[in-house]
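The listed protein sequences correspond, in order, to chains D and A.
Here the first sequence stands for residues 116 to 565, numbered as in the numbering used here.
Here the second sequence stands for residues 737 to 1044, numbered as in the numbering used here.
For each residue, glycine too, the CB sits at the ideal point set by N, CA and C.
Have a look at the structure below before the remarks.
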Amino acid sequence: MARRGRSGAALVIAMGTLAAACAAPGSNSPQPAATSAAAPSTAPTCGTAPITMNGYFETGFPLPKALTTEFTKQHPNVTWNVREDQFAVITQNAPRVLADNPPDLMRLPQVSELVKDNLLKNLDGYAKVFGWDKWPASQLEQLRLGPGGRPRGEGSLYALGLNSSMTGIFYNKKLAAKIGMSAPPATLAELDAAMDKAKKAGITPIVQFNGGATGGLAFPLQDLMASYGPAAPINDWIFQKPGATIDTPSNLQAVQHLERWIKAGYFQKDVNAVDYATMMSRFIDGQGLFMFNGDWESGNLDKQLPGDVGFSLMPPAQEGGKRAAMSAPLTFGIAANAKNADCAAFFLNWVATDKRAREIGVEVGGSRPMGPADAYMPEVAADKVTAATLAAGADISKDNGAMDFIANATGAIYAKSWTPQLQKLVAGQQKPQELLKAVQADYTSQLEGN
Amino acid sequence: MTRPAGARASHRRPVAARLRGARGLVGWLFVAPALAFYAVFVLRPIALTFQYSLYEWDGIGPSTWVGLANFGKVFTDPDLYDSLINAVKLIVFFSAIPVLLGLAIAATIRRIAESRLALVARTVLFLPQVIPLVAAGIAWSWLLASTGVINQLLSLVGLGGITRAWLGDFSTALPAVGMIGAWVLLGLCTLLLLAGMSKIDPALYEAARLDGAGPWREFVSITVPSLRQEIAVCVTVTVIAALASFDIIYISTQGGPGNTTMVPGLQIYYLAFSEREVGMASALALVLMVLVIACALPIQWFTKEGER
Chain D
116 MARRGRSGAA
126 LVIAMGTLAA
136 ACAAPGSNSP
146 QPAATSAAAP
156 STAPTCGTAP
166 ITMNGYFETG
176 FPLPKALTTE
186 FTKQHPNVTW
196 NVREDQFAVI
206 TQNAPRVLAD
216 NPPDLMRLPQ
226 VSELVKDNLL
236 KNLDGYAKVF
246 GWDKWPASQL
256 EQLRLGPGGR
266 PRGEGSLYAL
276 GLNSSMTGIF
286 YNKKLAAKIG
296 MSAPPATLAE
306 LDAAMDKAKK
316 AGITPIVQFN
326 GGATGGLAFP
336 LQDLMASYGP
346 AAPINDWIFQ
356 KPGATIDTPS
366 NLQAVQHLER
376 WIKAGYFQKD
386 VNAVDYATMM
396 SRFIDGQGLF
406 MFNGDWESGN
416 LDKQLPGDVG
426 FSLMPPAQEG
436 GKRAAMSAPL
446 TFGIAANAKN
456 ADCAAFFLNW
466 VATDKRAREI
476 GVEVGGSRPM
486 GPADAYMPEV
496 AADKVTAATL
506 AAGADISKDN
516 GAMDFIANAT
526 GAIYAKSWTP
536 QLQKLVAGQQ
546 KPQELLKAVQ
556 ADYTSQLEGN
Chain A
737 MTRPAGARAS
747 HRRPVAARLR
757 GARGLVGWLF
767 VAPALAFYAV
777 FVLRPIALTF
787 QYSLYEWDGI
797 GPSTWVGLAN
807 FGKVFTDPDL
817 YDSLINAVKL
827 IVFFSAIPVL
837 LGLAIAATIR
847 RIAESRLALV
857 ARTVLFLPQV
867 IPLVAAGIAW
877 SWLLASTGVI
887 NQLLSLVGLG
897 GITRAWLGDF
907 STALPAVGMI
917 GAWVLLGLCT
927 LLLLAGMSKI
937 DPALYEAARL
947 DGAGPWREFV
957 SITVPSLRQE
967 IAVCVTVTVI
977 AALASFDIIY
987 ISTQGGPGNT
997 TMVPGLQIYY
1007 LAFSEREVGM
1017 ASALALVLMV
1027 LVIACALPIQ
1037 WFTKEGER
């Protein structure tokens, strides 16, 4: 009896193992066919029959929902079934959701790996019939990918932005007045001087987040990179162009400058424990002069501190130098196997071209809508910080200084490389040169791993 | 079974065997549902994890056979084995503190068992057990923040010099998450040990007291030896909690700053879902499983040995 019991159990285990080990993983999972890029002869629409669109959006960003609500008002046959999640959750779920339960429209993280696995619809056909390829090329550059997802920056279009976000420096006008700063600094040296004055006046120069798995010092760091050097090599690195490196002399100057700010005590002492929400509440509470952040907060800051917040692009190292900024589309894509891909594409086109949609983009989103160069731009009162961020967006286009976020170079580079390295820099446990070398090494190994 | 000799035995045997066989079948029928569940939801995933660990796979696309290379990386990549070392360090906080402190508290509560204070103490101590770990993690990250209650109290008693962002400091982050774990597990240990103490024959204590034993001698010579089983359970549960920790750390530090609080559970999650290295994640998961078993089995074995 005892022997039979044991052999029975062994049999069950063996069967379980066998059942599991039949085929290599991934070989039997549904592989969406590579989508063709042939242009439809006429521009697709949402038709007139009732249709339910499946959306997968990001929690905390009211813009997409405001747009879908307006869209339903204008096209009553279209209703939206929207699921929302935190960005981190979307990032982790994106491949499985796109493969198993393809939404029509989805907020996307970094898209290279999704394209590699054939999970996203190629939008070249839509771009042709809707005329997206006649928009300023820089708007769509970050959403173009080569075959197999690499490199980015050229090739077929795989996603579109609802608008284009950009980072820079927000400053508290009341605190600025206290240290005699009446206009935003025009050079990096002036910015340094303003921080020094603030520190001496007992004002925290910079409120920033750098805790957990999201190193917020990447914002000022990339701004410093933009200040010291040209944007193009950084973009090449983010776009995974062969041979690109982040370990360049001008980037080293940027990290060294950031280290000087840290050592001078311009950040709060507990910056490694501060998360994004804490940073926002501290800035709104007037606990610091500067905050490196993006124009997605313009609308919010106009509401919370009306008239008291200014915005400026990162000043160049030399006076009159070119300006650059982290600027990226609020990326949305269509699943390769989406049921209503045509209607989703029609919606994306509507967001960029409809007058009311563009107004919502500015009022709710706080950023420049994407679209043709001569498209309608809504008026914003001059004292609003939104007006300042919109103007800055125009400057960036003029200087061709848009860069994607250095944290988007690979799927894991932010949480597993930039963040721990920047946290070590704050704690004095990492030197600038070694920081760049370490990030470059992680980058290389992550590219090999994919 | 020894071979029966003669015809008498050969008459009896089929009946007995049939009876045994039927009884065995009924037994299997009773076990079958649980066994099926166990096979599908425990054994199969383990087998699948082992299978995945032999491939390089992003979770969606085609996979590449790499043999045992993933296991090699677990022990050579400093990021990965550092997380294993962190988990071992956490045992001090998750296991040693709750068990030792739990013993002391349980002994104290037992001595004041009749008073209302004992009831209050028991309830308060057990409270962390009914709070979701995520809520505990959030509450503690507020308490430990640079402007949190802990630092306010320290400043109040004149220790303002040592205040810091406990979870954001390289030297204190791991002990700080360890203390959260200790706080959560202390109640469980105390209650288990208290239950064990209530089973000890009071006559033993009486005899000891007649022999002139003080509270300390009672504790060392009667209480602790009688609680061997309960202590073993506490140690096993808390050691496993330390090695398999995830939620508290995910909520309070996400493995930071640097990688000072990175533990295997979190590392597996990052590998599988942000780095999309399902093979590596599976290999690390198996190593963690073996480590847990390697730590838990000797504890069981040791306490059983002692009983003999």
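Asked                                                                                                                                                                                     : Found
For the beta strand (DSSP E) that TRP195(D) lies in, which residues bound it at each end?                                                                                                 : 193 to 200
Apart from the five residues on each side of it in sequence, which residues of its chain come closer than 7 Å, Cβ to Cβ, to SER799(A)?                                                    : TYR791, GLU792, TRP793
My guess is that ASP390(D) and GLY326(D) are in contact by the Cβ rule of under 8 Å, so how many angstroms apart are they, rounded?                                                       : 5 Å
Return the residue from the list VAL230(D), ILE205(D), ILE294(D) that minimises the CA-CA distance to ARG222(D).                                                                          : ILE205(D)
What residue ranges within the stretch 294 to 359 of chain D form continuous alpha helix (DSSP H) runs of no fewer than 4 residues, ordered along the chain?                              : 303 to 315, 333 to 343, 347 to 353
If we define contact as Cβ-Cβ less than 8 Å, is PHE1082(A) a contact residue for chain D?                                                                                                 : Because residue 1082(A) is not part of the residues shown, which for chain A are 737 to 1044, the question remains open.
Let's test the definition: count the other Cβ atoms within 10 Å of the Cβ of VAL751(A) and tell me whether it reaches 16, buried, or not, exposed.                                        : exposed
Report buried or exposed for ASN196(D), applying the criterion of at least 16 other Cβ atoms within 10 angstroms of its Cβ.                                                               : exposed
Tell me, please, which residues DSSP counts as bridged to LEU235(D).                                                                                                                      : ALA450(D)
Which first and last residues belong to the beta strand (DSSP E) in which PHE955(A) is found?                                                                                             : Run containing PHE955(A): none; DSSP gives neither H nor E here.
Please say whether ALA542(D) and PHE906(A) have beta carbons closer to each other than 8 Å?                                                                                               : yes
Do THR559(D) and GLY330(D) have their C-beta atoms closer together than 8 Å?                                                                                                              : no
Closest by CA to THR187(D), which one among ARG471(D), THR525(D), GLU563(D), MET518(D)?                                                                                                   : ARG471(D)
For VAL424(D), which of helix, strand or coil comes out of DSSP?                                                                                                                          : strand
How would you list, in chain order, the residues of chain A whose beta-carbon sits under 9 Å from the beta-carbon of THR206(D)?                                                           : PHE1009, SER1010
Taking DSSP as the reference, what is the three-state secondary structure of ALA517(D)?                                                                                                   : strand
State whether the stretch 308 to 319 of chain D contacts the stretch 433 to 449 of chain D, with contact taken as three or more CB pairs (one from each stretch) at a distance under 8 Å. : no
Comparing C-alpha positions only, which one of LEU924(A), LEU928(A), VAL960(A) sits nearest to ALA941(A)?                                                                                 : First, the residue type needs correcting, since residue 941(A) is Tyr and not Ala in the sequence shown. When only C-alpha atoms are compared, the closest one is VAL960(A).
Anything in chain D within Cβ reach of ASN995(A), meaning under 7 Å, just list it in chain order.                                                                                         : PRO535
What residues from the stretch 185 to 214 of chain D come within 9 Å of chain A, judged by C-beta to C-beta, listed N to C?                                                               : ALA203, THR206, GLN207, ASN208, PRO210, ARG211, LEU213, ALA214
Mind pulling the chain D residues with CB within less than 9 Å of TRP1037(A)?                                                                                                             : In chain order: nothing, as chain D lies at least about 21 Å away.
Does DSSP put ASP400(D) in a helix, a strand or coil?                                                                                                                                     : coil
Going along chain A in order, which residues have a C-beta closer than 8 Å to the C-beta of GLN323(D)?                                                                                    : Within chain A, no residue comes near GLN323(D); the closest Cβ sits about 12 Å away, beyond 8 Å.
So what's LEU277(D) in DSSP terms, helix, strand or just coil?                                                                                                                            : strand
Under 8 Å Cβ to Cβ from ARG900(A), same chain only, skipping five residues before and after it: list those, please.                                                                       : SER882, ASN887, THR908
CA-CA distance, LYS513(D) and PRO251(D)?                                                                                                                                                  : 11 Å
Cβ of PRO1052(A) less than 8 Å from any chain D Cβ?                                                                                                                                       : Since the first residue of chain A shown is 737 and the last is 1044, residue 1052(A) is not available in this structure.
For the structure I just gave you, are there three or more beta carbon pairs, one from the stretch 516 to 525 of chain D and one from the stretch 497 to 507 of chain D, closer than 8 Å? : no
So, under 8 Å CB-CB, LYS288(D) and VAL424(D) are touching, yes? Tell me the CB distance rounded to an integer number of Å.                                                                : 7 Å
Let me know the secondary structure DSSP gives ALA743(A) once reduced to three states.                                                                                                    : Low confidence applies to ALA743(A): its pLDDT is 46, below 50, so where it sits in the model is not reliable enough to give any reading.
Pick out the complete alpha helix (DSSP H) segments inside the stretch 480 to 529 of chain D, 4 residues or longer, and give them in chain order.                                         : 500 to 514
Considering Cα atoms alone, identify which of LEU537(D), PRO335(D), PHE202(D), PRO224(D) is closest to PHE405(D).                                                                         : PRO335(D)
At least one CB of chain D closer than 8 Å to the CB of ALA901(A): is that the case?                                                                                                      : yes
State yes or no: is the beta carbon of TRP878(A) nearer than 8 Å to at least one beta carbon in chain D?                                                                                  : no
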